[in-house]
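Below you'll find the structure, written out as structure tokens, and then a few comments.
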Amino acid sequence: MDFNEVIRTRRSVRSYKGDAISDDVLRRVLEGARIAPSANNTQPWTFIVVKDAALRKKIAEISFDQSFIAEAPAVVVCCGRQYHDSYSWIADNMYIVDVTIAVDHLTLAARNEGLGTCWIGAFHREPLKKLLNIPAGHDPIMLTPLGYPSGANAFRASASRKPLSEITCSEKFGQALKE
13 MDFNEVIRTR RSVRSYKGDA ISDDVLRRVL EGARIAPSAN NTQPWTFIVV KDAALRKKIA
73 EISFDQSFIA EAPAVVVCCG RQYHDSYSWI ADNMYIVDVT IAVDHLTLAA RNEGLGTCWI
133 GAFHREPLKK LLNIPAGHDP IMLTPLGYPS GANAFRASAS RKPLSEITCS EKFGQALKE
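Here's what the structure looks like:
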């Protein structure tokens, strides 16, 4: 699939078929996350792939009862390990940025495979850590259901994006790009 088509049509999917994801497809999606860049090449991420239906249901409950999470045949819980980045003003929180970049790679790789995802940051952190045995020093940053969308219109370009002229500047803040 053309990369521009992938990024134009990646959408938050909240309805999934029960169709299983092949191991090859799942590996390609996870490989997309694995090769993401990180500060100082730290790669502070761990991805927990949850296929068990009972665990997916509990994750949905912990995530403010967003039941659609449990519909997907897999949920990927994206965790990060905190470290200190002395080169960045973000310092001890750079791992959150790193994991976020990897999650973005994962969602785009999933779209390329015809899979839907939905960024989920609304969850109760400590119960999720306990449920999945996430050790101290590691935090769940984001999770996403992963599955084939049930709607025929799941992948379409969004019309609700600001125009480029509204979000870009030239040379200094507030100076418009020349057209």
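Here the sequence shown stands for residues 13 to 191, where the numbers follow this note's numbering.
Cβ coordinates follow ideal geometry from the N, Cα and C atoms, glycine included.
Taking a 10 Å sphere around the C-beta of Ala-171, we find fewer than 16 other C-beta atoms and assign the residue as exposed. Distance from the CA of Val-61 to the CA of Asn-105, rounded to the nearest whole angstrom, comes to 24 Å.
Boundaries for Met-154: no alpha helix (DSSP H) harbours it, while the beta strand (DSSP E) harbouring it runs 150-158, taken from the DSSP string. When the Cα atoms are used, Leu-155 and Ala-103 turn out to be separated by approximately 23 Å. The alpha carbon of Ser-98 has as its nearest neighbour, out of Ile-179, Trp-131, Arg-39 and Tyr-107, the alpha carbon of Tyr-107. Contact check between the stretch 49-69 and the stretch 126-140: fewer than three CB pairs, one atom from each, fall below 8 Å, which does not count as touching. Under the DSSP assignment, Ala-86 falls in the beta strand (DSSP E) whose first and last residues are 86-93. Rounded to the nearest angstrom, the gap between the Cα atoms of Ala-48 and Pro-175 is 27 Å.
When the five nearest sequence neighbours on each side are left out, the beta carbons in the same chain lying within less than 8 Å of the beta carbon of Ile-113 are those of Ala-48, Pro-49 and Ser-50, in order along the chain.
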